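>
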Amino acid sequence: MPRLNDQQLADLLDEVGSAIEHSIPIPQALVRVAEQQHGSPAMVARTLLRSLEQGVSLKASFQALKLADDGQITAAIQATTQTGTPDLLYRFAETLRSRHAAKHTITLNWFYPCILTVLAYILFVNSLAPLVRDNQNLIAQWPDAVVRASIWIENGWWLPPVITTAIFAAAFLLVRQRQRLPSTVSRSLFYSTLASQLDSKVPESQAIHTAALMAGDVELSQTENATFTTPRLLQLLGPDSKQYLIQATDARETAASETPASQDKRLRTISRRAHLRHLAFATEQKTRQREKLMHQFLPNTVSFVLGFIFIFSTASLFIAPIYRQVIQW
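In the working numbering, each residue carries its 1-based index in the sequence shown increased by 90.
This is the structure in structure tokens:
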């Protein structure tokens with residue numbers, strides 16, 4: 091099965107969402123994708139088209155692709171079926187684009203520290219280590235550890251790059267196989283999805299189930315007839331959830347004596363939506379702060395620290411002993 095990157099999958103979901111929004115037959119949209127795109131996107135579009143022509147549902151057709159984000163796509167399609175609007179398809183497509191952009195940002199920001207380390211290693215192997223080996227009988231000021239490392243690296247220079255490459259390759263494969271959304275992004279999707287479902291007057295248990303699928307929460311998605319008092323949902327809502335539910339109950343009891351039941355239900359839904367949107371906003375802010383820390387501040391700090399270490403160690407361990415030896419002469 092061809093593999094789609096996040097950007098390609100987001101574009102495909104946008105095409106499907108646009109077809110649903112404008113009442114265009116989905117097979118017609120997939121034909122356009124297959125004709126206009128090349129490579130994996132075109133192959134996936136043709137696969138989906140064949141499934142739909144065989145009478146398979148859109149949700150089952152996407153599930154047959156066995157994508158890494160199958161649960162979220164299933165939830166978005168399910169929500170589209172329930173509400174008639176592709177808002178969650180668009181929302182998840184934007185999440186995929188953000189993740190795709192974050193990967194490129196990480197690659198670019200960590201490129202300089204990696205290149206700095208590689209250049210420092212090449213300098214040590216090709217210049218500093220031969221200098222120490224060739225002059226160890228003349229310069230007695232070099233530390234024993236520097237001399238031993240310089241002698242060992244003459245024959246074992248290939249070992250550090252091989253070990254480093256193996257570690258990075260294993261980490262890359264592990265991350266690629268466990269391609270999941272960060273917990274803060276999943277929670278933000280959960281809150282915003284649940285609020286959107288309540289907006290569209292989807293029954294409470296169905297709305298919670300769809301939001302749990304969107305967040306990838308297996309425990310909550312497998313809970314039958316979940317409500318706002320389900321323990322797992324209370325855990326996701328955070329420490330303020332009990333106070334929030336108490337306020338909603340008080341509002342219901344007060345409204346019961348003054349307003350019809352429909353008005354009471356509407357007020358409780360508005361209260362819950364507001365609370366969920368607040369949680370979604372707060373979680374998105376945490377996500378942005380975390381991304382700024384991990385994608386910008388940390389690589390810059392590592393670059394500065396590595397540069398300082400390389401310069402200081404070169405000056406103190408290799409150059410300074412030469413000057414001290416010259417002074418003694």
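Where a beta carbon is used, it is the ideal one built from N, C-alpha and C, also for glycine. Computed from a predicted structure; not experimentally measured.
On the DSSP letters alone, give me the boundaries of the alpha helix (DSSP H) that histidine 112 sits inside.
To locate residue 112, count along the sequence shown from 1; it is residue 22. Unbroken run through histidine 112: none, as it is neither H nor E.
> Could you check if serine 141 is buried or exposed, using at least 16 other CB atoms within 10 Å of its CB as the buried criterion?
Locating residue 141 in the sequence shown gives position 51, where the first residue counts as 1. Buried.
> Just how far apart, CA to CA, sit phenylalanine 400 and alanine 256?
The residue you call residue 400 lines up with position 310 of the sequence shown. The residue you call residue 256 lines up with position 166 of the sequence shown. If you draw a straight line from the Cα of phenylalanine 400 to the Cα of alanine 256, it is about 24 Å long.
> Can you name, in chain order, every residue of its own chain whose Cβ lies under 7 Å from the Cβ of glutamine 296, other than the five neighbours on each side?
Reading the sequence shown from its first residue, position 206 is the one you call residue 296. Non-local beta-carbon contacts of glutamine 296 in its own chain, meaning distances under 7 Å to residues more than five positions away in sequence, involve Gln172 in chain order.
> Could you tell me whether the segment 93-110 touches the segment 183-195, using the rule of 3 or more Cβ pairs below 8 Å?
yes
> Could you tell me if glutamine 144 is buried or exposed, where buried requires 16 or more neighbouring beta carbons within 10 angstroms of its beta carbon?
Indexing the sequence shown from 1 puts residue 144 at position 54. So glutamine 144 ends up on the exposed side.
> Could you tell me the distance, in whole angstroms, from the CA atom of phenylalanine 402 to the CA atom of valine 308?
In the sequence shown, residue 402 corresponds to position 312, counting from 1. In the sequence shown, residue 308 corresponds to position 218, counting from 1. The alpha-carbon atoms of phenylalanine 402 and valine 308 are separated by roughly 51 Å.
> Tell me whether phenylalanine 398 is buried or exposed, calling it buried when 16 or more other Cβ atoms sit within 10 Å of its Cβ.
Position 308 of the sequence shown, counted from the start, is the residue given in the question as residue 398. Here phenylalanine 398 is exposed, its C-beta having fewer than 16 other C-beta atoms within 10 Å.
> Can the beta-carbon of aspartate 104 be found less than 8 Å from the beta-carbon of tyrosine 180?
As a position in the sequence shown, residue 104 is number 14, starting the count at 1. As a position in the sequence shown, residue 180 is number 90, starting the count at 1. Yes, the Cβ-Cβ distance between aspartate 104 and tyrosine 180 is below 8 Å.
> Does DSSP put leucine 271 in a helix, a strand or coil?
Counting from 1 along the sequence shown, the entry for residue 271 is found at position 181. Leucine 271 falls in the coil class under three-state DSSP.
> Can you give me the C-alpha to C-alpha distance between alanine 165 and leucine 120, rounded to a whole angstrom?
Counting from 1 along the sequence shown, the entry for residue 165 is found at position 75. Counting from 1 along the sequence shown, the entry for residue 120 is found at position 30. Answer to the nearest angstrom: the Cα atoms are 20 Å apart.
> I think leucine 323 touches alanine 305, with their Cβ atoms under 8 Å apart; what is that distance to the nearest whole Å?
As a working mapping, residue 323 is identified with position 233 in the sequence shown. As a working mapping, residue 305 is identified with position 215 in the sequence shown. With a Cβ gap of about 11 Å, leucine 323 and alanine 305 do not count as contacting.
> In terms of residues, what are the limits of the alpha helix (DSSP H) holding serine 403?
What you label residue 403 is simply residue 313 of the sequence shown in a count that begins at 1. First-last of the alpha helix (DSSP H) with serine 403: 388-403.
> Taking only runs of the alpha helix (DSSP H) that begin and end inside the segment 151-238, which ones reach a length of at least 4 residues, in chain order?
Segments of the alpha helix (DSSP H) lying fully in the segment 151-238: 160-173, 177-213 and 219-225.
> Rounding to the nearest angstrom, what Cα-Cα distance links glutamine 452 and isoleucine 229 in this structure?
Since the first and last residues shown for the chain are 91 and 419, residue 452 lies out of range.
> Output needed for leucine 366: all residues of its chain with C-beta closer than 6 Å, excluding positions within five of it in sequence on either side, in chain order.
The count along the sequence shown starts at 1 and reaches residue 366 at position 276. The answer, listed in chain order, is Tyr281, Leu284 and Ala285.
> Ignore the nearest five residues each way along the sequence and tell me which others in alanine 109's own chain have a CB closer than 6 Å to its CB.
On the sequence shown, residue 109 is found 19 positions in, with the first residue counted as 1. Counting only Cβ-Cβ distances below 6 Å, and skipping sequence neighbours, we find Ile116 and Ala119.
> With three or more beta-carbon pairs closer than 8 Å as the criterion, would you say the segment 242-256 touches the segment 121-140?
no
> Just checking, does the segment 213-229 make contact with the segment 144-154 on the three C-beta pairs under 8 Å criterion?
Contact fails: fewer than three Cβ-Cβ distances are below 8 Å.
> What are the start and end residues of each continuous alpha helix (DSSP H) run of 4 or more residues lying completely inside the segment 246-322, in chain order?
249-267, 273-289, 294-305 and 308-311
> Where do the ends of the alpha helix (DSSP H) carrying methionine 133 lie?
Your numbering for residue 133 matches position 43 in the sequence shown. Segment 130-143, the alpha helix (DSSP H) holding methionine 133.
> I'd like the list of long-range same chain contacts for glutamine 231, defined as Cβ closer than 6 Å, with 5 residues on each side in sequence excluded.
By 1-based counting over the sequence shown, the position of residue 231 is 141. So the list reads Pro411, Arg414 and Gln415, once near-sequence residues are dropped.
> On a Cα-Cα basis, can you pick out the residue from Asn315, Trp419 and Ala405 that is closest to alanine 210?
Taking the first residue of the sequence shown as position 1, residue 210 is located at position 120. Out of Asn315, Trp419 and Ala405, Ala405 has the C-alpha closest to the C-alpha of alanine 210.
> So, with DSSP's three-state summary, where would you put tryptophan 419?
The count along the sequence shown starts at 1 and reaches residue 419 at position 329. Of the three classes helix, strand and coil, the one that applies to tryptophan 419 here is coil, per DSSP.
> Since threonine 377 contacts proline 272 with CB under 8 Å, what's their CB separation in whole angstroms?
Residue 377 sits at position 287 when you count from the first residue of the sequence shown. Residue 272 sits at position 182 when you count from the first residue of the sequence shown. Yes, they are in contact, since the Cβ atoms of threonine 377 and proline 272 sit about 7 Å apart, within 8 Å.
> For valine 275, which residues in the same chain have their Cβ closer than 7 Å to its Cβ, ignoring the five residues on either side in sequence?
As a first step, residue 275 is located in the sequence shown; it is residue number 185 there, counting from the start. Within the same chain, valine 275 has close Cβ partners Thr185 and Thr377.
> What separation, rounded to the nearest whole angstrom, lies between the Cα atoms of aspartate 159 and serine 290?
Start at 1 with the first residue of the sequence shown, and residue 159 comes out as number 69. Start at 1 with the first residue of the sequence shown, and residue 290 comes out as number 200. Approximately 24 Å, taken between the alpha carbons.
> Do leucine 155 and threonine 137 have their C-beta atoms closer together than 8 Å?
The sequence position of residue 155 within the sequence shown is 65, counting from 1. The sequence position of residue 137 within the sequence shown is 47, counting from 1. Closer than 8 Å, so yes.
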